[in-house]
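S.K.:
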Amino acid sequence: MIEYKDPVAEQIKAYILDDPPFTMDMGSKPAEPLWQKIRAAGSQIWIHGNEDLAAEIWSREINAYYLCTRSLHRGLDKESPDFPVIAKAGKFLKGMPERERTQEILFILHARRLLRISHMLSTRVITEIPVADDSTEEICRYVRRLYQIAPERISPVLPYTIKNSAAATNLCPDKIPLTLSGIHSPKDAVDAAEYVTSGIIIEAREGSAPETLAWSVMEAVKDSGHGNRPPNLIISGISQADEITGLTGFPVLKLHVNTARIFLKKPGFRSQASSSTEWIGSDRFYRTISALL
10 MIEYKDPVAE
20 QIKAYILDDP
30 PFTMDMGSKP
40 AEPLWQKIRA
50 AGSQIWIHGN
60 EDLAAEIWSR
70 EINAYYLCTR
80 SLHRGLDKES
90 PDFPVIAKAG
100 KFLKGMPERE
110 RTQEILFILH
120 ARRLLRISHM
130 LSTRVITEIP
140 VADDSTEEIC
150 RYVRRLYQIA
160 PERISPVLPY
170 TIKNSAAATN
180 LCPDKIPLTL
190 SGIHSPKDAV
200 DAAEYVTSGI
210 IIEAREGSAP
220 ETLAWSVMEA
230 VKDSGHGNRP
240 PNLIISGISQ
250 ADEITGLTGF
260 PVLKLHVNTA
270 RIFLKKPGFR
280 SQASSSTEWI
290 GSDRFYRTIS
300 ALL
């Protein structure tokens, strides 16, 4: 991947920002009393899952949308709405080696999608970074370039690994609000807090109680000496609507749109179609893009 100061990177940025946004009028959205109670208790609310379903329940109390990069691989072919984007980008990036050109097209698709969601919901998008088997240097390049496209709209997330901890350290001078995900224990949380002050996503494993894990992590981080600048703590893996009540007051609740709909008792619940479990940036994804060029 090219450096963000490269002239071609500036051309790519201009192309990404050239996508006319649709912006939801949040002033026309009624307040949601159940969310108001949670916000009044000190919690923020993040929603993830199908963005169209999220738009149906969106209200001004929701703080952010969380974009999983696994959802970006959605039947890419010549009938896809993304095909004109791929074709145009492929032409002005024609001089690049094929692998690098494909990387840049994947970057464009990612950035344009998250900006569309940000404008549609009038919110910040917390987005996973597709790291695949990239080096620490490549990960840092991706994060820097994505963030500088629209700093007011984008917050990057990396899974917590040794390699990504090194990337987080390298990105500290850039003052990018980086969040680490995949924290499953108080010990992991304390260790991860050494690398970021922006956020840590605590993920309850299936069958475990997110409430117990969330509050034990909070106590561990407080007791660890990170009290002066503790990272924002985000609890994920909330699968039951009644679990939200026990977590009210926790810094950030990350909720799947279906769980949120049940909690709000919204009629007309619709199950979300299963999305691909394949990371953007996987070998198959590269082959799909290459075949369309």
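According to the working numbering, the sequence shown is numbered sequentially starting from 10. Cβ atoms here follow ideal geometry from the backbone N, Cα and C, with glycine treated the same way.
(1) Taking T188 and I209 to be in contact with their CB atoms under 8 Å, please state how far apart those CB atoms are, rounded to whole angstroms.
(2) Verify whether the separation of the beta carbon atoms of G191 and Y169 is less than 8 Å.
(3) Between which residues of its own chain and E223 is the CB-CB distance below 7 Å, once the five residues before and five after are set aside?
(4) Please determine if the stretch 10-25 and the stretch 42-60 are in contact, where contact requires at least 3 C-beta pairs separated by less than 8 Å.
(5) What alpha helix (DSSP H) runs, 4 residues minimum, are completely inside the stretch 74-162?
(6) The beta strand (DSSP E) with L273 in it runs from where to where?
(7) Does the distance between the C-beta of L167 and the nearest non-hydrogen atom of the ligand NAD fall short of 7 Å?
(8) Using three-state DSSP, classify S174 as helix, strand or coil.
(9) Which class does N59 belong to by DSSP, given the choice of helix, strand or coil?
(10) Thinking C-alpha only, which one of T254, Q249 and V261 is nearest N267?
(11) For the pair the stretch 87-104 and the stretch 62-77, tell me if three or more CB-CB distances fall below 8 Å.
(12) Would a C-beta distance cut-off of 8 Å place E6 and V166 closer than the cut-off?
(13) For N241, list the residues DSSP reports as bridge partners.
(14) Does A176 get closer than 8 Å to chain B when you measure Cβ to Cβ?
(15) Out of curiosity, what's the CA-to-CA distance linking I185 and A229?
(16) Among the residues of its own chain, which have a CB less than 6 Å from the CB of A175, if the five just before and after it don't count?
(17) Suppose the cutoff is 6 Å on Cβ atoms and the five residues either side in sequence are ignored; what does the same chain contact list for E65 look like?
(18) Report the CB separation of Q53 from V226 in whole angstroms; it is logged as a contact under 8 Å.
(19) From A120 to Y24, what does the alpha carbon distance come to, in whole angstroms?
(20) Go ahead and pull the three-state DSSP assignment for Q281.
(21) Tell me L189's beta-bridge partners as DSSP assigns them.
(22) Would you identify the three-state DSSP class for Q53, choosing helix, strand or coil?
(23) For S158, which residues of its own chain have a beta-carbon under 8 Å away from its beta-carbon, when the five flanking residues on both sides are left out?
(24) Count the other C-beta atoms from every protein chain shown that fall within 10 angstroms of the C-beta of C149, then say buried if there are 16 or more, exposed otherwise.
(25) By Cβ distance, which residues of its chain are closer than 8 Å to R153, with the 5 residues on each side in sequence left out?
(26) To the nearest angstrom, how far is it from the Cα of H128 to the Cα of V134?
(27) Can you name, in chain order, every residue of its own chain whose Cβ lies under 8 Å from the Cβ of A202, other than the five neighbours on each side?
(28) Taking DSSP as the reference, what is the three-state secondary structure of K231?
(29) Output the boundary residues of the beta strand (DSSP E) element that contains K263.
(30) Use the C-beta contact count for G51: other C-beta atoms within 10 angstroms, 16 or more gives buried, fewer gives exposed.
(31) May I ask you to report which of helix, strand or coil DSSP gives K22?
M.R.: Result, derived from the coordinates:
(1) Here the question's residue 188 lines up with position 179 in the sequence shown. Here the question's residue 209 lines up with position 200 in the sequence shown. Confirmed, about 7 Å.
(2) Working through the sequence shown from its first residue, we reach residue 191 at position 182. Working through the sequence shown from its first residue, we reach residue 169 at position 160. Contact flag set, yes.
(3) Here the question's residue 223 lines up with position 214 in the sequence shown. This sequence places Ala at residue 223; Glu is not what is there. Once the five neighbours on either side are set aside, the close Cβ partners of A223 are I211, I244, L256 and F259.
(4) Fewer than three beta-carbon pairs drawn from the stretch 10-25 and the stretch 42-60 are found closer than 8 Å, and the two stretches are therefore not classed as touching.
(5) Positions of the alpha helix (DSSP H) runs, each at least 4 residues long and wholly inside the stretch 74-162, are given as 92-101, 107-130 and 145-158 in order along the chain.
(6) Locating residue 273 in the sequence shown gives position 264, where the first residue counts as 1. Per DSSP, L273 is not a residue of any beta strand (DSSP E), being assigned neither H nor E.
(7) The ligand NAD is not part of the structure shown, which contains no ligands of any sort.
(8) Counting from 1 along the sequence shown, the entry for residue 174 is found at position 165. Reduced to three states, the DSSP call for S174 is helix.
(9) Residue mapping note: residue 59 aligns to position 50 of the sequence shown, counting from 1. Residue state, collapsed to three classes: coil.
(10) Counted from its first residue, the sequence shown places residue 267 at position 258. Just measuring C-alpha positions, the residue of T254, Q249 and V261 sitting nearest N267 is Q249.
(11) No, because fewer than three Cβ pairs between the stretch 87-104 and the stretch 62-77 fall closer than 8 Å, the two stretches do not touch.
(12) What is shown of the chain runs 10 to 302, which leaves residue 6 out entirely.
(13) Here the question's residue 241 lines up with position 232 in the sequence shown. DSSP, once it has assigned bridges, lists G208 as partnering N241.
(14) No chain B is present in this structure, which holds just one protein chain.
(15) Position 176 of the sequence shown holds residue 185. Position 220 of the sequence shown holds residue 229. Spanning the alpha carbons of I185 and A229 requires a straight line of approximately 25 Å.
(16) In the sequence shown, the residue the question calls residue 175 occupies position 166. Excluding sequence neighbours, A175 sits near T145.
(17) Against the sequence shown, residue 65 aligns to sequence position 56. For E65, there are no CB contacts under 6 Å within the same chain when 5 residues up- and downstream are skipped.
(18) Position 44 of the sequence shown holds residue 53. Position 217 of the sequence shown holds residue 226. Cβ atoms of Q53 and V226 stay farther apart than 8 Å, at about 16 Å.
(19) Indexing the sequence shown from 1 puts residue 120 at position 111. Indexing the sequence shown from 1 puts residue 24 at position 15. For A120 and Y24, the distance between alpha carbons rounds to 10 Å.
(20) Taking the first residue of the sequence shown as 1, we reach residue 281 at position 272. Here Q281 scores only 46 on pLDDT, less than 50, and its place in the model is too uncertain to base an answer on.
(21) The residue you call residue 189 lines up with position 180 of the sequence shown. Per DSSP, the beta-bridge partners of L189 are L167 and I209.
(22) Translated into positions along the sequence shown, residue 53 becomes position 44. Correct three-state label for Q53: strand.
(23) Locating residue 158 in the sequence shown gives position 149, where the first residue counts as 1. Before going on, a small fix: residue 158 reads as Ile here, not Ser. For I158, where only same-chain residues beyond five positions count, the Cβ hits under 8 Å are K22, I25, L26, A120 and L124.
(24) Translated into positions along the sequence shown, residue 149 becomes position 140. The residue in question, C149, is buried, as its Cβ has 16 or more Cβ neighbours within 10 Å.
(25) Here the question's residue 153 lines up with position 144 in the sequence shown. Cβ within range, chain order: Y13, L180, D183 and I185.
(26) Locating residue 128 in the sequence shown gives position 119, where the first residue counts as 1. Locating residue 134 in the sequence shown gives position 125, where the first residue counts as 1. The C-alpha of H128 lies about 10 Å from the C-alpha of V134.
(27) The residue you call residue 202 lines up with position 193 of the sequence shown. The answer, listed in chain order, is I209, V230, S233, H235, P239 and P240.
(28) The residue given as residue 231 occupies position 222 in the sequence shown. Residue state, collapsed to three classes: helix.
(29) As a working note, residue 263 is residue 254 in the sequence shown. Note, K263: beta strand (DSSP E), V261 to H265.
(30) As a position in the sequence shown, residue 51 is number 42, starting the count at 1. It counts as exposed.
(31) If you number the sequence shown from 1, residue 22 lands on position 13. In the three-state reduction of the DSSP assignment, K22 falls in the helix class, which pools H, G and I.
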